[in-house]
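K.L.:
Submitted below is the structure of interest, expressed as structure tokens.
Numbering (my numbering), first residue to last: 5 to 183.
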């Protein structure tokens with residue numbers, strides 16, 4: 005048996021020791037790349053949703069706050085201002101959209117409650133209380149025919165659109181809450 009040269013063994017060992025950290029580092033980088041591949045936000049809509057959810061938590065999302073019904077808008081674009089107007093009834097047709105994604109408000113004689121979901125821009129409203137009262141024509145229409153059918157929302161230029169079948173919608177304007 006041949007005894008290897010001790011100096012040659014040291015050189016081989018030093019080369020192996022230098023390769024080992026490089027290989028280890030390469031393996032770590034490769035594993036990191038593989039593990040993060042599935043975690044990326046490939047769909048821009050996912051990134052937008054995460055941003056919107058964060059804005060809800062921060063209280064900065066444009067849907068949050070107080071809104072008042074301004075008009076009924078038909079699919080053809082024609083509109084009718086809601087009666088009673090804000091001058092005639094400050095609390096009629098108002099909703100407050102909260103950070104916990106719940107909605108509270110008032111029609112004319114009845115209270116409204118509901119919730120919204122950012123993922124599909126869906127919204128669900130219903131009457132929390134139902135009192136029979138002499139109400140203006142719009143009150144009956146909104147409380148009995150429209151509120152139960154609202155299913156989608158959109159915010160644009162500080163206006164809230166609540167859609168119901170036939171691409172008709174209620175147009176809400178932002179209100180300033182009084183202290």
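For every residue, glycine included, the Cβ atom is placed at its ideal position computed from N, Cα and C. All of these numbers come straight from a predicted model, not from anything done at the bench.
Measuring only the C-alpha atoms, how far is residue 169 from residue 155?
P.N.:
As a position in the chain shown, residue 169 is number 165, starting the count at 1. As a position in the chain shown, residue 155 is number 151, starting the count at 1. Their Cα atoms are separated by approximately 8 Å.
K.L.:
Measuring CB to CB, does residue 102 end up less than 8 Å from residue 125?
P.N.:
Translated into the one-based positions of the chain shown, residue 102 becomes position 98. Translated into the one-based positions of the chain shown, residue 125 becomes position 121. No, Cβ-Cβ distance for residue 102 and residue 125 is not below 8 Å.
K.L.:
If you scan the segment 44-97 from start to end, which runs of the alpha helix (DSSP H) of 4 or more residues do you find wholly inside it?
P.N.:
Counting whole runs of 4 or more residues, the segment 44-97 contains the alpha helix (DSSP H) stretches 48-62.
K.L.:
Roughly how many angstroms separate the alpha carbons of residue 175 and residue 32, rounded to a whole number?
P.N.:
Position 171 of the chain shown, counting from 1, holds the residue named residue 175. Position 28 of the chain shown, counting from 1, holds the residue named residue 32. Going by the C-alpha atoms only, they are around 55 Å apart.
K.L.:
Do you know offhand how far residue 180's Cα is from residue 165's?
P.N.:
The residue labelled residue 180 in the question sits at position 176 within the chain shown. The residue labelled residue 165 in the question sits at position 161 within the chain shown. When rounded, the distance between both Cα atoms is 18 Å.
K.L.:
Over what stretch of residues does the beta strand (DSSP E) that includes residue 126 continue unbroken?
P.N.:
What you label residue 126 is simply residue 122 of the chain shown in a count that begins at 1. Taken as a continuous stretch (DSSP letters only), the beta strand (DSSP E) holding residue 126 covers 126-131.
K.L.:
Taking the beta strand (DSSP E) that residue 148 belongs to, which residues open and close that run?
P.N.:
The residue you call residue 148 lines up with position 144 of the chain shown. Residue 148 -> no beta strand (DSSP E), and no H or E assigned at all.
K.L.:
For residue 183, count neighbouring Cβ atoms within 10 angstroms of its own Cβ and tell me buried if that reaches 16, exposed if not.
P.N.:
Working through the chain shown from its first residue, we reach residue 183 at position 179. Confidence at residue 183 is low in this model, with a pLDDT of 38, below 50, so the placement of that residue should be treated as unreliable; the coordinate-derived value is given next. Under this definition residue 183 is an exposed residue.
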